[in-house]
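Step one of this worksheet: look at the structure below.
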Amino acid sequence: MTSATAGSPGTTRPDPAPYQRPGGFPVVGVVGGGQLARMMQPAAVALGLRLRVLAEGPDVSAAQVITPAPVGAAGDVEALRAFAAACDAVTFDHEHVPAEGLRAMAELTSVQPGEAALVHAQDKLVMRERLSALGVPCPRWAPVAGRADVEAFAADAGWPVVLKTPRGGYDGKGVLVLDGPDDTGWATADAWFADWAGRGPLLAEEHVAFVRELAALVARSPSGQAAAWPVVETVQRRGVCHEVTAPAPDLDPGLAAQLTDVALRIAGGLGVTGVLAVEVFEVERGGRREVLVNELAMRPHNSGHWTIDGSVTSQFEQHLRAVLDLPLGGTAARAPWTVMVNVLGPDAVEPRHEDLYRSYLHVMAHDPDVKVHLYGKEQRPGRKLGHVTAYGEDLDTVRARARHAAAFIAGEIDE
Ligand code: ADP
């Protein structure tokens, strides 16, 4: 059965009646079936909400725990349309839904965040332009269409130069550091320029000699309510988030407040709805610590996984509240320190490590208070398979506990 849709003459959509809404509780759809969609499910269960996921395949991480999970690609406009028609609100596991698909869904339901905000998390050049216009501190940057542009940028900003593809990158893919005109990385850079020739310039950035990386996580609802968690320190391993400490140790309280303010300003200025992660570099300039914004993510983010066990409201619950324009939850930490360590797939999978489940015997016996989260994924080198969280009073102890559990599950230690 189909029915006409208000606001889009001539468009038809499946009648959403087959989807039950006991008690009038809304159905939230998540495009993309990765671990972020998966981790929204416990929060949805607790709130009594129904989740649906548009999954890349029948057995991806979120499809294992959310049903129904129709299979459809994020670039398939018809699949997105059918999915959106069955949901009261749609949100995302990733940022890779093209504008056409976002528009098609917005004709049928509430899409959070909307296209106008999301483009800043999809396109790093658009993001740099907008943040610069808002007066947000960023690394020096320029659009570059070829080698000559990079060399001209380097003449001004100095080597090394960080070259980035504006779209499609994640976990460090699409990020290249060029040390100088003779760097071997130019083979990749030249290939990127050829690949992007018809689509527009790439992004060049100064190579920031940062003291460390931080992240500010905030949430904003369509009616403008906003909430912020404590600023965290993040450590990447080969471009992939590996360890997060909440709050960031030894962070100047003034700088933390300034960074939180920047994140809230970005959320408001860009009209972000849901969770926004602002990844930044902490730098020392002229004897003072400052922050430069690196990246934005408009969805729950790896830097916020610690909130599941470590905060009054997890980022996944907060995201759902924000998407539905419900009042936001408290963001205080439950303990003085929380450390989250990712379980990354080992470089070489030994037979002993094939069965991650068996590691539970040791990890759980070793530390009854450590919390383990695995994502139901096949092992591949460097892949995010899960994470562990520990919290408590003493940072060194908490960190050691989280590191031990993650390293044991990942097969990096075996005592
Ligand atoms: P992705 O979108 O793939 O996560 P990012 O732009 O966040 O890519 O870059 C990944 C990592 O590369 C960052 O976390 C940081 O460690 C490093 N990096 C990125 N840009 C710069 C820069 N301008 N200067 C120094 N390091 C950088």
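For the sequence shown, counting from 1, position 192 maps to 812 in the numbering used here; every step adds exactly one.
Glycine included, C-beta positions come from ideal geometry on N, C-alpha and C.
Just so you know, these numbers come straight off a predicted model, no measurement behind them.
Partner residues in a beta bridge of E771, as assigned by DSSP, do not exist.
About 29 Å separates the beta carbons of L837 and G907, which is beyond the 8 Å limit, so they are not a contact pair.
Partner residues in the beta bridge of H993, as assigned by DSSP, are H1007. A check of alpha carbon separations from I928 across V782, P662, G652 identifies P662 as the nearest. Here A753 is exposed: its Cβ has fewer than 16 other Cβ atoms, across all protein chains shown, within 10 Å. Y995 counts as buried, since no fewer than 16 other beta carbons sit within 10 angstroms of its beta carbon.
In the DSSP assignment, P1001 falls outside any beta strand (DSSP E), carrying neither H nor E. In the DSSP assignment, Q856 forms a beta bridge with C861. Here G644 is exposed. Its C-beta has fewer than 16 other C-beta atoms within 10 Å.
Going by C-alpha positions, P842 is about 12 Å away from A709. Distances between the C-beta of V911 and the heavy atoms of the ligand ADP are all 6 Å or more. In the structure shown, the three-state DSSP call for V697 is helix. Between V961 and V1008, the beta carbon gap of about 6 Å places them in contact (Cβ cut-off 8 Å). Proximity of the beta carbon of V795 to the ligand ADP is indicated: a heavy atom of the ligand is located closer than 6 Å. Inclusion of P786 and D743 in the CB contact set at 7 Å is warranted, their separation being smaller than that value.
Per DSSP, W849 is not a residue of any beta strand (DSSP E), being assigned neither H nor E. If you draw a straight line from the Cα of V673 to the Cα of A839, it is about 21 Å long. Residue pairing by DSSP puts A762 in a beta bridge opposite A824.
By a beta-carbon distance limit of 8 Å, W761 contacts E825. Their separation comes to about 5 Å. Excluding sequence positions up to five before and after P757, its CB lies within less than 8 Å of the CB of V882, E910, V911, L912, V913, all in the same chain and listed in chain order. Beta-bridge annotation (DSSP): E735 is not paired with any residue. The Cβ atoms of L745 and E735 do not sit closer than 7 Å to each other. No heavy atom of the ligand ADP is found nearer than 6 Å to the CB of Q655. Residue pairing by DSSP places N962 opposite H1007 in a beta bridge. Under the DSSP assignment, V648 falls in the beta strand (DSSP E) whose first and last residues are 647–651. Cβ contact annotation for Y790 (same chain, cutoff 6 Å, sequence separation greater than five): none. Taking all protein chains in view, the Cβ of Y977 is surrounded by fewer than 16 other Cβ atoms within 10 Å, so the residue is classified as exposed. If you look at G894, you'll find it in the beta strand (DSSP E) that goes 894–905.
Relative to the ligand ADP, D791 has its C-beta within less than 6 Å of a heavy atom. Around the beta carbon of R701, 16 or more other beta carbons sit within 10 angstroms, so the residue counts as buried.
With a cutoff of 7 Å on beta-carbon distance, V651 and F712 are scored as near each other. With fewer than 16 neighbouring CB atoms inside 10 Å of its own CB, A768 falls in the exposed class. With respect to the 7 Å criterion, K793 and L823 are not classified as neighbours on the basis of their beta carbons.
Boundaries of the alpha helix (DSSP H) around A1026: 1015–1029.
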